[in-house]
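Peer 1: Provided herewith is a single structure, encoded as structure tokens, for subsequent inquiry.
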Amino acid sequence: MRTAHLAERRALRANPDRKRALDQGIADATLACIDAFGARGTNIASYNPLPSEPGPADLPARLAGAARAVFLPISLPDGVLAWAQAGSDNSPGALGIAEPRGPRFTSALLRSCGLVVAPALAVDRQGMRLGKGAGYYDRALTGLDAPVAAVVYDWEVVDAVPHDAFDQAVDAVITPQGFFRI
Numbered sequence: 001m002r003t004a005h006l007a008e009r010r011a012l013r014a015n016p017d018r019k020r021a022l023d024q025g026i027a028d029a030t031l032a033c034i035d036a037f038g039a040r041g042t043n044i045a046s047y048n049p050l051p052s053e054p055g056p057a058d059l060p061a062r063l064a065g066a067a068r069a070v071f072l073p074i075s076l077p078d079g080v081l082a083w084a085q086a087g088s089d090n091s092p093g094a095l096g097i098a099e100p101r102g103p104r105f106t107s108a109l110l111r112s113c114g115l116v117v118a119p120a121l122a123v124d125r126q127g128m129r130l131g132k133g134a135g136y137y138d139r140a141l142t143g144l145d146a147p148v149a150a151v152v153y154d155w156e157v158v159d160a161v162p163h164d165a166f167d168q169a170v171d172a173v174i175t176p177q178g179f180f181r182i
């Protein structure tokens, strides 16, 4: 399933106008999701979208106007995520993803967030999220009470994704067409 979804995303990159339109829908739906969860003015955890991921490259900056602060993940070598406040000073991280510089926080920071916006390759109608397979987000989201929204393209909402006991469910799904709660 991961291979097929990654191939579809690579094909989408060949059509920049379509990707730009879909990403605009994701930005709009993410802001609507923030409002629906009453998270405007709170800390928001998000991600820096790679060119192959849903969401515009400036998604964190767009969310900043709706948040007290936006926090982005930093991939640590031991498969754990740390978090730092988004800003203009980014550098490539361990996985080649732009990561913010500045003070780092453990995933306990997520407890202070009104919403966690997480990338996914697919999500099913029960809220199970399919990531890239390394478990970074599953570890970060374990035991979290804050609502979590997975971001995918519309065709990546599926009936079921493979999952194990350690996989963490999400509370909402954000797509270019909008968002829905699970």
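So in the numbering used here, spot 136 of the sequence shown is number 136, and the numbers just go up one at a time.
Quick reminder that beta carbons are idealized off the backbone N, C-alpha and C, glycines included.
These numbers were taken from a predicted model, which means no experiment stands behind them.
1) Take the Cβ of residue 16 as the centre, count every other Cβ of all protein chains shown within 10 Å, and call the residue buried at 16 or more, exposed below.
2) Since I believe residue 57 is in contact with residue 71 (beta carbons under 8 Å), could you give me their beta-carbon distance rounded to a whole number of angstroms?
3) Going straight from the alpha carbon of residue 6 to that of residue 121, what length do you get?
4) To the nearest angstrom, how far is it from the Cα of residue 171 to the Cα of residue 124?
5) Using CA atoms only, rank isn't needed, just tell me which of 169, 145, 140 and 144 is closest to residue 130.
6) If you pair each beta-carbon of the stretch 21 to 31 with each one of the stretch 174 to 181, do three or more pairs fall below 8 Å?
7) Please state if the CB of residue 106 and the CB of residue 86 are separated by a distance shorter than 8 Å.
8) Is residue 37 buried or exposed, if buried means 16 or more other CB atoms sit within 10 Å of its CB?
9) By DSSP, does residue 72 sit in helix, in strand, or in coil?
10) Could you have a look at residue 85 and say whether DSSP puts it in helix, strand or coil?
11) Only counting the same chain, and skipping five residues up and downstream in sequence, which positions put a Cβ closer than 6 Å to that of residue 52?
12) If we count the other Cβ atoms within 10 Å of its Cβ and call it buried at 16 or more, is residue 55 buried or exposed?
13) Among all the DSSP beta bridges, which residues are the ones paired with residue 115?
14) Just reading off the beta strand (DSSP E) that residue 100 is part of, what are its end residues?
15) Note the first and the last residue of the continuous beta strand (DSSP E) segment covering residue 175.
16) Alpha carbons only, please: which of 165, 160, 128 and 108 is nearest the one belonging to residue 144?
17) Cβ atoms of residue 44 and residue 158: under 8 Å apart, would you say?
18) Using only CA atoms, which one of 92, 135, 39 and 126 lies nearest to residue 74?
Peer 2: Result, derived from the coordinates:
1) exposed
2) Their Cβ separation, rounded to whole angstroms, is 18 Å, which puts residue 71 and residue 57 out of contact at 8 Å.
3) 7 Å
4) 11 Å
5) 169
6) yes
7) no
8) buried
9) strand
10) strand
11) 9
12) buried
13) 44
14) 98 to 100
15) 172 to 175
16) 108
17) no
18) 92
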